[in-house]
Amino acid sequence: MYCDTWDYTPMSKIANTWLTRGFDCFREGTFGNGGQNLYVSKAGVLQRIHLFDTNKDGHIELVFCNAQEHLEAPPASVYSNVLTNPRRMELPAGGSPTGAVMDLTGNGYDDLVIGMQKTGNQGLFNAYIYYGGPEGLTERHHRQIPAHLCTTLTTGDFNGDGRPDIALITQGKLRVFYQSQRGFEPRYFTDLNITADQLGASDLDGDGCAELYALSTNAPPRIYWGGPNGIDPQQVSEVPVGDTADVSSSDEQKGLSEEEKVAATGPLAMFVHLDGRQHLFVPFAHRTFLVPVGNDRSFGPPLEFKCQQALAVACGDMNGNGYSDLVFASRDQSTGQECSWVYWGGEAGFSEQRRTAMATHRACDVAVGDLNNNGHDDIVICQKQTDKMYSIQSPVFCGTDEGIDPHPIHLNTEGARRVFIARTNNDTTPQVIFINQAARNATGDVDSYVYYGGPDGFHPNRRDALAGRGATSAMICDFNENGWPDIVIANSSENAMHLDPGTYVFRGGPKGFSHQPNEIIPMRHGLDLSAGDIDHDGCLELIIGLFYSPDILIYRSTPDGFDLEHPKIVTALYGPDEFMRTSVRWVRLADMNNDGWLDLIVNPVADGLCGILWGGPEGFSSNRMQLFPLNGNHGTPLARDLTGNGYLDLLIGGGKPRMNVPHESFIDIYWNGPEGMQPHRHTQLESQSVIGLSVADFNHNGYLDIFCTAYKSLIERDVDSYIYWGGPNGHYSNKNRSRIRTHSSSGCVAADFNEDGYIDLAIANHKTFGDHIGDSFVLWNGPNGLDEQNPTRLPTSGPHGMQHEQPGNLIDGGNEEYYTSAPFQLPDNQHVTSIAWEAELGPKTWVKAQLRFSDHEETLDAAFWTGPDGENSWFNNGQSAEALNDNGCWVQYRLALGATNGGCTPRITEVRVRHN
């Protein structure tokens, strides 16, 4: 092909020079692997896409997408000497929303029962019973009983045998442990078809058998009457109170904003003893009732209080006048400031005119008792959290002759849900016990970390912090084409979706990264990222996979930032969209059919299905999608040529294992070739919820190995990751693997960090022994393999990912990406004399070239590539090609754009092939 100018046409013949310059010229060529890691920008710069050396010092960085720092299993707090010199003792618990205090053994000491709902760990949970005694509550005297996903519990003697029992909701249904003369026997319990949001217990009819009080959002308040045989679902009475205009606190929360729902909490099933009768606590959104119950099981006229959003009640004599006062823990904002209430008792009973507001915030429980034996009961309010923190303080209001001291004492609590005043030891004053549910940051507002590599590897103090909120994935590319890598971080905002800030873009430059993003892509539910020039227009597209959505967002980059006005939305879905409302979405670009266009791997596209959206000039569409069946969902995908046949194989990490089904988390490998991928050309390798995959020859035997992270198993989070060792022809087996001890691992990067010839491995640990705050690892490789005994430990906070793109060519795993020019026909009787290029070389990058010749354009593909010394040699910049015995008038060149560990990139603006 000949042309007169080189500004707008593929090639130019100027002074015996075949010149490639400008976007249109370079675009006529072929980009290795469909341009997965190579493109030419609109400005005409041929360059690599995925970069790992952000400060261009020759050493690659690690980005840990920190997502959470909260503690999901804080211990329960037991405070003694509360009003004089508070001392705190802790008892192991786990994600506990419920508890109860009662003397279960009859020894005169209160015992503590704690139910576990969500610890962040896998497996089935027990409830804990801590027994009181002279030395108090300790682990030395405790028992565990089976109560998985316990949401509420209470204690009472339901069968009247003189031994208190335990009733709790486990996995949505009632379970009763009837205490025998041997105590509580973990294997002996009664399950009943009774559901409830909250449970309480008290002997309402005076027959010596405790009743069970059940509050539910979808049913009226109910009393299940106790008797000699315990709780009978048929012996039930609904509590007749309120009218059709009353809205429950739980129902009203259905209309709350997402921000308000963050700390939304339902009312407790409670009782107060007034005038010799037990009264049921029945709260509605705008008023609260106390319903008396008679010995004949009748309900008397209720007491009504204009107390809004009341969640708990307790009674006591705070001012020492001999009358019972009432305390409502509430979120009442009718006065303009959120408060709880004290209703003062007296000869005339209770009155709206005789009440005192207490400034509280998100109160959820209350306990009343005399904490210093001065004759005045004191009030302990349990406060759950603020907008941003679980770790807050709960107030203690001291009773006085005048009422309550307006200056409370404050006790540290951790997302506390219940509070009790109890006597569990021989102290002269009672203890205050908080059942804590979560600790620290409540919103996922934690920084991601960029750890900078160096000659000495990585160091905990050599890092930058980038703002984020529940970050899950990072992408490093030069999106604005200024020669410096940018970092894009997807924010899932998992812990506070109402605060979702969108996807953050941190622009690179000689001064490094700012803590706050330079650009924000306004969208929600971001999870995974991929990038490439999918439409061959010279601009990188950023692809964002979402969770809880069937949509995929595509944003086009420009030198001035991303085009936020014209995003493309691709709906990748097979079947109804209900499944995607609870699912996550991983995306990865690769040329899976070798047609020169990037395809989009999407997992999942339906329950049990991964999909490939085939790329092309028309873009992505669900109408052009191949489906791949899986046992589970949600694992991350990866494309690599595992067999060396020149086709990318598809690896799909397994999702989270489920209870009560055969193991279903596998790495699925679909083998690729000229006929494409077929369901029967498929391998499965056992896994444990894979969020990170790396493929590399870790043991230097010439075969590619597969490393997969392990986010969780059926029973634990501190679970081993696997390396599957490769063999001839892509042979992998469950019998040929090694374990690496990790902690809910969630990301990985494999590269030769210290450039000693061995591939090292960085691993993100999401949670270490139950705590999001922990260390991630760099494992150094060598002749003896990966050294697990001497890792470099890098502090992280619950990372949910790293850079999911891996260094290395997807076909051969090497440090080079390849560009092949369009064919060029030499003038008659001329031959190539040299090849040269104009390029800006980043640290540890290089460019080299080869040529090939043929008599006919259509046979060029079969010709061998050659350098100055034959097939295995390459030309340096400007090197003579006179020695070539070129055969044919048709010629092509190919360039290798090399970068150690994929760190930086050459930036090529011109290629000159001289001939005469």
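Heads up: the sequence shown runs through residues 56 to 971, numbered per the working numbering.
Where is the CB? At the ideal position from N, CA and C, for every residue including glycine.
Buried or exposed by the 16-neighbour rule on C-beta atoms within 10 Å, applied to residue i
i: glutamine 844; result: exposed
i: glutamine 392; result: exposed
i: histidine 328; result: exposed
i: proline 577; result: exposed
i: valine 716; result: exposed
i: glutamate 937; result: exposed
i: methionine 732; result: buried
i: glycine 757; result: exposed
i: glycine 150; result: buried
i: glutamate 536; result: buried
Spatial distance of residue i from residue j (CA atoms)
i: threonine 888; j: proline 882; result: 13 angstroms
i: leucine 559; j: tryptophan 641; result: The identity of residue 559 in the sequence shown is tyrosine, whereas the question assumes leucine. If I take the Cα positions, the gap works out to 18 angstroms.
i: glutamine 861; j: leucine 816; result: 11 angstroms
i: methionine 635; j: threonine 875; result: 41 angstroms
i: tyrosine 702; j: arginine 695; result: 8 angstroms
i: tryptophan 73; j: aspartate 650; result: 27 angstroms
i: leucine 204; j: threonine 160; result: 26 angstroms
i: histidine 718; j: serine 768; result: 10 angstroms
i: isoleucine 770; j: proline 712; result: 10 angstroms
i: tryptophan 929; j: phenylalanine 908; result: 15 angstroms
i: arginine 143; j: isoleucine 476; result: 14 angstroms
i: threonine 527; j: asparagine 573; result: 19 angstroms
i: valine 231; j: glycine 187; result: 22 angstroms
i: arginine 772; j: alanine 765; result: 8 angstroms
i: glutamate 116; j: aspartate 511; result: 13 angstroms
i: glutamine 172; j: leucine 705; result: 38 angstroms
i: leucine 267; j: proline 275; result: 14 angstroms
i: glycine 77; j: aspartate 590; result: 17 angstroms
i: cysteine 532; j: isoleucine 542; result: 7 angstroms
i: proline 141; j: alanine 340; result: 35 angstroms
i: aspartate 867; j: aspartate 618; result: 34 angstroms
i: proline 565; j: glycine 538; result: 10 angstroms
i: threonine 698; j: proline 622; result: 37 angstroms
i: asparagine 516; j: serine 831; result: 14 angstroms
i: glutamine 234; j: tryptophan 780; result: 54 angstroms
i: aspartate 811; j: proline 838; result: 10 angstroms
i: asparagine 481; j: aspartate 158; result: 14 angstroms
i: leucine 841; j: leucine 834; result: 6 angstroms
Contacting residues, own chain, Cβ-Cβ under 6 angstroms from residue i (five flanking each side not counted)
i: cysteine 437; result: Cys419, Asp420, Ser449, Ala471 and Val474
i: serine 793; result: Ile778
i: threonine 207; result: Thr153, Ile224, Gln253 and Leu254
i: methionine 680; result: Gly666 and Leu668
i: arginine 967; result: Thr72, Leu74 and Ala891
i: valine 639; result: Leu582, Phe602 and His689
i: alanine 751; result: Ala805 and Ile814
i: asparagine 871; result: For the sequence presented, residue 871 should be read as glutamate rather than asparagine. Cβ within range, chain order: Ala951 and Gly953.
i: glutamine 123; result: Gly499, His827 and Gly853
i: lysine 111; result: Gly897, Pro898 and Cys959
Own chain partners of residue i with C-beta closer than 8 angstroms, once the 5 adjacent residues on each side are dropped
i: aspartate 372; result: Tyr378, Ser379, Asp380, Gly400, His431, Asp432 and Gly454
i: alanine 414; result: Gln392, Glu393 and Cys394
i: lysine 228; result: Asp246, Leu247, Asn248, Ile249 and Thr250
i: asparagine 820; result: Thr797, His798, Ser799, Ser800, Ser801, Gly829, Asp830, Ser831, Phe832, Thr851 and Pro854
Chain-order list of residues whose beta-carbon lies under 7 angstroms from that of residue i (same chain, five-residue window excluded)
i: threonine 960; result: Gln102, Arg103, Leu106, Gly897, Thr900, Leu952 and Ala954
i: glutamine 91; result: Gly587, Leu644, Ala645, Asp646, Leu653 and Leu865
i: lysine 361; result: Arg342 and Glu407
i: threonine 484; result: Asn136, Leu426, Asn427 and Asn428
i: methionine 325; result: Gly255, Phe336, Ala367 and Val368
Residue i Cβ short of 7 angstroms to the ligand GTP heavy atom set
i: valine 423; result: Summarising the ligand content, the structure contains no ligands, and the ligand GTP is consequently not present.
Ranges of the beta strand (DSSP E) found wholly within the segment 689 to 757, counting only runs of at least 3
692 to 695, 704 to 707, 721 to 725, 737 to 741 and 748 to 751
Given 8 angstroms, three or more beta-carbon pairs between the segment 600 to 608 and the segment 567 to 587:
yes
Counting only runs of 3+ residues fully inside the segment 186 to 272, write out the beta strand (DSSP E) ranges in chain order.
197 to 201, 205 to 211, 220 to 225, 228 to 232, 245 to 247, 253 to 257 and 266 to 271
Do three or more CB pairs link the segment 794 to 808 to the segment 848 to 859 at distances below 8 angstroms?
yes
Should the segment 506 to 524 be regarded as contacting the segment 546 to 556, the criterion being three or more beta carbon pairs within less than 8 angstroms?
yes
3-residue-minimum beta strand (DSSP E) runs that sit fully inside the segment 756 to 789, ordered along the chain
760 to 763 and 776 to 779
Those runs of the alpha helix (DSSP H) which lie wholly inside the segment 317 to 353 and span at least 4 residues:
none
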